[in-house]
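Residue numbering for the sequence shown follows the numbering used here, starting at 5 and increasing by one per position. Comments concern the structure below.
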Amino acid sequence: LSQFLQENHQRVCIFFDYAKRGKNTAWSYFLPMLNRQDLFTVHMAARIIAKLAAWGRELMEGSDLNYYFNWIKTQLSSQKLRGTGASVEAGAVSTSDSSQYVQCVAGCLQLMLRVNEYRFAWVEADGVNCIMGVLSNKCGFQLQYQMIFCVWLLAFSPQMCEYLRRYNIVPVLSDILQESVKEKVTRIILAAFRNLLEKSTERETRQEYALAMIQCKVLKQLENLDQQKYDDEDISEDIKFLLDKLGESVQDLSSFDEYSSELKSGRLEWSPVHKSEKFWRENAVRLNEKNYELLKILTKLLEVSDDPQVLAVAAHDVGEYVRHYPRGKR
């Protein structure tokens, strides 16, 4: 049935017409199947639902959409599906089968996020946290590719680019880029970075993403990638675009911009600004800007980080802030 729809997207109309006669939705027949024990049935149903929702003349809404997105989040968060049906004994799902099923779920999300309305619904369902959780767990390259593909889709919307600022997307993607041995993973990361810079309509947002990329050494990675040859022209074009944009940002980079970007990345190092008397004398009070945004990040790192270097640098910076801004002792 899934293949039947794949061969001709217009065939989803058959299901919508039939459902309308019974005053149902096209996916109402398949949503209950997500609770079955048989993994094959569950994932075929998930695929069919995604195709009906993405290609149909009506959008999935309300409780149906919430239910489906919550199901996807649960599967991706667990990164495995347990089956206890006749064909799959409890605990007997092989690693390869488990990976295949999770990739199927990720494929459903990829299809759904091609529709702009579903992007907003996914974000409202706290779906970005789910994606970042999967990417932070050192998953296989195929699942990496699929999750980053979803980030790329989200970043087509200027509103989404603004919203995604609250997540540490750039450091996570830059780490994967540095370790990537698969061209498809490299390609989709570069495309996601490009969208974050190109689709953002606010100058401050573009600058924040650019500074984060510079802080995470993406510029150096791009220079290395630029020395290689690719069959895919999109990769070369994206590398050139990013090199140009980040090069422009470097020219405008102040020491405070550099410090702010490093702090927001959560990856504090003993870079020169931390021990610069001139820097603290001129900029300590700026940690109070935007309702103490940077100061709050600094103190939060002291509470949650388990990295000795991050803790040492953060403690030092708090000391410098208090020394140069006496009212900060309060």
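C-beta: ideal position from N, C-alpha, C; glycine also.
Buried or exposed by the 16-neighbour rule on C-beta atoms within 10 Å, applied to residue i
i: W156; result: buried
i: A319; result: exposed
i: A316; result: exposed
i: L63; result: exposed
i: R285; result: exposed
i: P175; result: buried
i: T205; result: exposed
i: Q255; result: exposed
i: L56; result: buried
i: I52; result: buried
i: E324; result: buried
i: L305; result: buried
i: A90; result: Because the pLDDT at A90 is just 35, under 50, the model does not fix this residue reliably, and the point stays unresolved.
Cβ-Cβ distance between residue i and residue j below 8 Å
i: V336; j: L250; result: Outside the shown range of the chain (5 to 334) lies residue 336, about which nothing can therefore be said.
i: E344; j: Q231; result: The shown model of the chain, from 5 to 334, leaves out residue 344, and the question about it has no answer.
i: C143; j: A50; result: no
i: F197; j: L158; result: no
i: F260; j: N287; result: yes
i: V289; j: L302; result: no
i: D236; j: L194; result: no
i: F153; j: N199; result: no
i: E266; j: Q219; result: yes
i: E212; j: R170; result: no
i: S269; j: N141; result: no
i: S178; j: M217; result: yes
i: Y71; j: L35; result: yes
i: L298; j: S275; result: no
i: M164; j: R207; result: no
i: L38; j: W75; result: yes
i: A30; j: G60; result: yes
i: P162; j: K203; result: yes
Close-in-space but distant-in-sequence residues of the same chain around residue i (CB under 7 Å, 5 per side omitted)
i: A125; result: L69 and F73
i: C134; result: K77, L80 and S81
i: A214; result: L201, K249, L250 and S253
i: S240; result: Y234
i: V92; result: Caution is warranted here: a pLDDT of 36 is assigned to V92, below 50, making its placement in the model unreliable, and the coordinate value is therefore given only provisionally. Result list for V92: L43, in chain order.
i: H47; result: Y105 and C108
i: G111; result: Q150
i: R40; result: V46
i: S328; result: Looking at the sequence shown, residue 328 is not Ser but His. W284, R285 and A288.
6 Å Cβ shell around residue i - same chain, five flanking residues per side excluded
i: K84; result: Low local confidence applies: a pLDDT of 40 at K84 is under 50, so the model's placement there is unreliable, and no value is given.
i: L115; result: A54 and A58
i: R86; result: In this prediction, R86 scores a pLDDT of 38, lower than 50, which makes its location untrustworthy; the coordinate-derived value is nonetheless stated afterwards. Around R86: no qualifying Cβ.
i: E166; result: T209
i: E121; result: L63
i: V119; result: A58
i: A96; result: Low per-residue confidence applies at A96: pLDDT is 44, beneath 50, and the placement is therefore not dependable, though the value from the model is reported in the following sentence. None.
i: L226; result: I243, L246 and L247
i: V132; result: Y171
i: P330; result: none
8 Å Cβ shell around residue i - same chain, five flanking residues per side excluded
i: Y149; result: K186, K188, V189 and I192
i: S309; result: G270, L315 and A318
i: I180; result: L139, Q148, I152, V189 and I193
i: Q146; result: S103 and Q107
i: L257; result: L215 and I218
i: M136; result: Y171, N172, I173 and V176
Cβ of residue i within 8 Å of any chain C Cβ
i: K188; result: Protein chain content of the structure displayed is limited to a single chain, and chain C is not contained in it.
Write down every uninterrupted run of the alpha helix (DSSP H) in the region 221-285 whose length is 4 residues or greater and which is fully enclosed by it, in chain order. 222-229, 237-255 and 259-269
For the region 121-158, list the alpha helix (DSSP H) runs that are entirely contained and at least 4 residues long, ordered along the chain. 131-139 and 145-158
What ranges does the alpha helix (DSSP H) occupy inside the region 56-85, keeping only unbroken runs of at least 4 residues that lie completely in it? 66-82
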